[in-house]
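Using the UniProt record's numbering, the letters of the sequence shown correspond one by one to residues 1 to 650.
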Amino acid sequence: MVAGGGARELEAVLDAAVEPVVACGADERILHINAATERLLGWERAQLLGRPVSDLFPARLHHFHGLSLPRYLLSRRKVLGGRPTRVASRRRDGVELMVELTVGASGEGAQERIVLTMRRLHEVIDTLEEPVEHVPGSPDDLAHPGETVDRLYRLLVENAPLGIFHFDRAAIITACNERFAHQMGTSKRNIVGLHLFTLRDEGLMACVRESLGGRTCDYEGDYRSLTSGKVLPVRVRFAPCYGDDGEVEGGVGMVEDITDRRRVEAEREAHIAQLDLLFRSAPVGIGFVGSDLRYVRVNETLARINGKPAEAHPGRTPRELFGAHAGSAVEDMLGQVLKTGEPLVQQESSTDEDLGLHGPRRHLSGSVYPVHTPGGRVLGLGVLVEDITERKRAEEERAHLYREAQEAIRVRDDFLSIASHELKTPLTPLSLRLATLERRLERGEHVDPSVLRHARHQLTRLTGLINDLLDASRIEAGRLSLHPEATRFDVLVEHTLTSMEGQRGNHVFDFERPPEPVSVQGDAYRLEQVVFNLLENALKYSPDGGTIRVRLAVGEDVTVLSVKDPGIGIPLDQQQLLFDRYFRARNASTRSYGGLGLGLYISRDIVERHGGRIWVESEPGQGSTFYVALPTLSAARQAPARTQTDRHLH
Ligand code: ADP
Numbered sequence: 001m002v003a004g005g006g007a008r009e010l011e012a013v014l015d016a017a018v019e020p021v022v023a024c025g026a027d028e029r030i031l032h033i034n035a036a037t038e039r040l041l042g043w044e045r046a047q048l049l050g051r052p053v054s055d056l057f058p059a060r061l062h063h064f065h066g067l068s069l070p071r072y073l074l075s076r077r078k079v080l081g082g083r084p085t086r087v088a089s090r091r092r093d094g095v096e097l098m099v100e101l102t103v104g105a106s107g108e109g110a111q112e113r114i115v116l117t118m119r120r121l122h123e124v125i126d127t128l129e130e131p132v133e134h135v136p137g138s139p140d141d142l143a144h145p146g147e148t149v150d151r152l153y154r155l156l157v158e159n160a161p162l163g164i165f166h167f168d169r170a171a172i173i174t175a176c177n178e179r180f181a182h183q184m185g186t187s188k189r190n191i192v193g194l195h196l197f198t199l200r201d202e203g204l205m206a207c208v209r210e211s212l213g214g215r216t217c218d219y220e221g222d223y224r225s226l227t228s229g230k231v232l233p234v235r236v237r238f239a240p241c242y243g244d245d246g247e248v249e250g251g252v253g254m255v256e257d258i259t260d261r262r263r264v265e266a267e268r269e270a271h272i273a274q275l276d277l278l279f280r281s282a283p284v285g286i287g288f289v290g291s292d293l294r295y296v297r298v299n300e301t302l303a304r305i306n307g308k309p310a311e312a313h314p315g316r317t318p319r320e321l322f323g324a325h326a327g328s329a330v331e332d333m334l335g336q337v338l339k340t341g342e343p344l345v346q347q348e349s350s351t352d353e354d355l356g357l358h359g360p361r362r363h364l365s366g367s368v369y370p371v372h373t374p375g376g377r378v379l380g381l382g383v384l385v386e387d388i389t390e391r392k393r394a395e396e397e398r399a400h401l402y403r404e405a406q407e408a409i410r411v412r413d414d415f416l417s418i419a420s421h422e423l424k425t426p427l428t429p430l431s432l433r434l435a436t437l438e439r440r441l442e443r444g445e446h447v448d449p450s451v452l453r454h455a456r457h458q459l460t461r462l463t464g465l466i467n468d469l470l471d472a473s474r475i476e477a478g479r480l481s482l483h484p485e486a487t488r489f490d491v492l493v494e495h496t497l498t499s500m501e502g503q504r505g506n507h508v509f510d511f512e513r514p515p516e517p518v519s520v521q522g523d524a525y526r527l528e529q530v531v532f533n534l535l536e537n538a539l540k541y542s543p544d545g546g547t548i549r550v551r552l553a554v555g556e557d558v559t560v561l562s563v564k565d566p567g568i569g570i571p572l573d574q575q576q577l578l579f580d581r582y583f584r585a586r587n588a589s590t591r592s593y594g595g596l597g598l599g600l601y602i603s604r605d606i607v608e609r610h611g612g613r614i615w616v617e618s619e620p621g622q623g624s625t626f627y628v629a630l631p632t633l634s635a636a637r638q639a640p641a642r643t644q645t646d647r648h649l650h
């Protein structure tokens with residue numbers, strides 16, 4: 001044994017070494033161990049001095065090829081060339097630790113010194129699991145009464161549903177249960193002796209320091225296995241351990257594997273996020289109102305409908321948000337549901353009339369229902385609001401179209417019955433006249449030319465009706481063609497008047513020819529059709545014997561023809577409609593005045609396509625005046641001689 005001051009100095013040097021160092025004599029009995037060895041193997045120096053060094057290794061390693069472990073390794077020194085050998089060492093409590101062992105020797109005979117240097121292997125997973133060897137005489141075998149408590153204590157620790165580890169003041173793990181080893185992904189053997197600070201996790205290190213300072217500390221984080229890289233989410237509660245002297249002698253850590261908890265939490269968060277997204281992006285306004293009638297939360301859609309930002313709602317009553325008028329209407333509705341517990345479903349209201357909210361008028365459909373806890377306590381009210389303005393508009397539009405379609409069907413049916421009546425009317429006298437004619441001719445009697453004239457008149461009327469129908473359908477199809485040329489309009493009017501002599505009855509035509517000739521650019525045939533139609537209507541809708549005044553007001557730009565009759569007139573509200581297809585004023589009953597309601601429709605098309613305008617001034621019972629304005633081509637100059645009208649005239 002080294003003695004004296006030199007020995008103490010050597011001791012101090014060895015204690016400062018980080019690696020555990022054990023020195024023994026030629027008899028392999030321990031002469032010295034340093035502080036690192038004490039920590040690693042759990043012995044106190046005094047207990048080991050003089051004991052065989054083999055006590056530091058499991059029994060199976062005591063002999064190799066007939067040599068002790070140190071001697072065997074010394075014999076292989078050359079081969080090893082200073083490289084360490086990995087062996088299991090044995091702690092005082094029987095737990096085995098893997099270490100890298102280097103053995104050296106100096107001196108001869110009794111002076112020989114053998115030095116074992118050990119290096120702790122942290123988390124070795126590539127070693128084969130070897131069951132901890134049962135060492136006879138180990139503390140487990142001692143059967144004194146205190147041990148029962150110890151055993152119970154061990155069972156308790158081993159069976160705990162938590163990973164449990166103990167560490168000393170130097171933050172080195174001195175003991176742990178199987179669960180902890182399992183959590184760390186290695187064996188107990190590899191864990192005991194592990195310096196907690198080598199895990200290099202700031203949070204863990206802080207907690208270790210805290211507990212060594214006498215305080216408990218919680219750590220939560222992902223533990224990453226240093227060797228396998230496996231990540232385990234854990235929650236660790238650190239607590240100090242006190243020795244008999246009341247001083248902190250180390251700490252204990254209890255490790256909960258929170259993988260499942262994390263998963264459940266993540267699922268719940270995802271679930272909540274989904275619900276939240278659903279809530280926020282719903283195309284329906286959704287809100288929750290507390291039982292104090294204050295908004296708790298509304299989604300963006302409801303905020304938009306309410307015309308206030310979503311964040312302005314929480315904590316406010318409808319009255320505070322929308323003012324007394326609109327707010328109290330909403331509050332009444334909410335209050336009613338709260339009081340009766342009966343939901344209001346799809347109540348329709350409009351923003352201006354019922355709710356008095358500002359902005360363009362919108363139609364809303366709202367439902368309010370009480371929200372209960374599973375125990376039946378009313379938490380507040382759920383509000384669902386849908387903006388149905390578009391839907392309403394579409395409905396109104398549909399109803400409008402439906403009414404129009406119905407009207408079109410009615411007009412068509414009326415027209416069919418009128419048209420068939422109108423077409424049939426001339427046929428009866430026509431066939432009567434023809435029958436008379438036939439009878440007389442058979443008998444060789446004299447034939448009255450008036451019979452033929454009447455027959456021809458009915459035929460002309462029939463042709464006129466059919467022509468009107470054809471013209472109207474040509475106009476509808478955009479196929480009524482015009483052949484405009486310079487036309488003497490004054491001559492055209494006069495000619496039309498003359499052609500109607502036969503049908504004017506006792507009516508008087510009063511036409512003042514303008515002093516100067518007037519020409520327009522037009523289709524003479526079609527313009528004559530317009531004038532004829534106006535004169536025919538004037539005759540038809542005024543009492544026999546009345547005077548029909550026809551005037552031509554000639555302006556530089558416009559020539560205006562007016563036809564004034566002393567007839568039945570036209571109700572004011574219908575004057576605009578006269579020029580529509582099939583339209584007949586209500587005072588022109590089919591019975592008294594035949595007609596298809598096409599003449600003015602055709603006339604308007606012809607006039608407008610000449611760049612002109614047609615209109616009426618009338619008072620029921622006071623007669624009517626129809627006007628046709630056409631652009632003047634030339635008023636003072638004589639129009640070219642060969643116009644279509646002229647051909648008719650000469
Ligand atoms: P109709 O063949 O029915 O006369 P029109 O298109 O020529 O067809 O006229 C349309 C409607 O205008 C007539 O049914 C009648 O109600 C009204 N109307 C036209 N001219 C006159 C008029 N001079 N006096 C009163 N009502 C008229």
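Every residue gets a Cβ at the ideal spot worked out from N, C-alpha and C, and that includes glycine.
A Cβ-Cβ distance of about 5 Å is found for the pair Gly-193 and Leu-40, placing them in contact under the 8 Å criterion. Taking C-alpha positions only, Ala-16 is separated from Ala-23 by approximately 15 Å. Distance between Gly-502 and Lys-564, taken at the CA atoms: about 20 Å.
Here Met-184 carries a helix assignment [DSSP, helix/strand/coil]. Pairing Glu-528 with Leu-480 gives a Cβ-Cβ distance that is not under 8 Å.
The C-alpha of Arg-120 lies about 60 Å from the C-alpha of Thr-373. By alpha-carbon distance to Thr-625, the top candidate from Ile-548, Phe-509 and Arg-584 is Ile-548.
The Cβ atoms of Pro-571 and Ala-588 do not sit closer than 8 Å to each other. Distance between Glu-617 and Gln-575, taken at the CA atoms: about 8 Å. Rounded to the nearest angstrom, the Cβ distance from Leu-212 to Arg-261 is 28 Å, too far for a contact under 8 Å. When DSSP states are grouped into helix, strand and coil, Lys-564 belongs to the strand group. Closest option to Thr-436, judged by alpha-carbon separation, among His-454, Arg-154 and Glu-267: His-454. Put simply, the backbone Cα of Leu-430 is about 11 Å away from that of Arg-461.
In the structure shown, Ile-570 adopts coil according to DSSP, grouped into three states. Beta-carbon to beta-carbon, Ala-310 and Val-298 are separated by about 6 Å, close enough to satisfy the 8 Å threshold. In the DSSP annotation of this structure, the continuous segment of the beta strand (DSSP E) that includes Met-254 starts and ends at 248-257.
Residue state for Ala-312 is assigned as helix, using DSSP reduced to three classes. When rounded, the separation of the alpha-carbon atoms in Leu-416 and Gln-336 is 58 Å.
Ile-614: member of the beta strand (DSSP E) spanning 613-619, first to last residue.
Straight-line spacing of the CA atoms in Thr-85 and Gln-274 works out to 58 Å. By the 16-neighbour rule on beta-carbons within 10 angstroms, Tyr-153 is exposed. Closer than 7 Å to some heavy atom of the ligand ADP: that describes the Cβ of Ser-624. Contact between Gly-623 and Gly-555 does not hold, since their C-beta atoms are separated by about 24 Å, which reaches or exceeds 8 Å. Between Arg-189 and Val-95 a beta carbon distance of about 6 Å is seen, short of the 8 Å cut, so the two are scored as contacting.
The residues Arg-294 and Tyr-295, in chain order, have a CB closer than 8 Å to that of Gly-315 in the same chain once the five nearest residues on each side in sequence are set aside. With fewer than 16 other Cβ atoms inside 10 Å of its own Cβ, Gly-246 counts as exposed. Apart from sequence neighbours up to five positions away, the residues of its chain that approach Leu-321 with a beta-carbon distance below 8 Å are Tyr-295, Asn-306, Lys-308, Ala-312, His-313 and Gly-327, ordered along the chain. For Pro-233, the enclosing beta strand (DSSP E) covers residues 231-242. Sorting Ser-542, Asp-55 and Gly-599 by C-alpha distance to the C-alpha of Glu-619 places Ser-542 at the top. Taking the Cα of Gly-597 as reference, the smallest distance to any Cα among Ser-367, Thr-198, Asp-414 and Pro-20 is reached at Asp-414. Taking a 10 Å sphere around the C-beta of Glu-348, we find fewer than 16 other C-beta atoms and assign the residue as exposed. DSSP places Arg-526 in the uninterrupted alpha helix (DSSP H) bounded by 524-540.
Distance from the CA of Ser-562 to the CA of Arg-391, rounded to the nearest whole angstrom, comes to 50 Å. Judged by pairs of C-beta atoms under 8 Å, the stretch 153-162 does not touch the stretch 50-70, as fewer than three such pairs exist.
The beta carbon of Asn-537 sits closer than 7 Å to at least one heavy atom of the ligand ADP. Val-530 and Ser-365 have their alpha carbons spaced roughly 56 Å apart.
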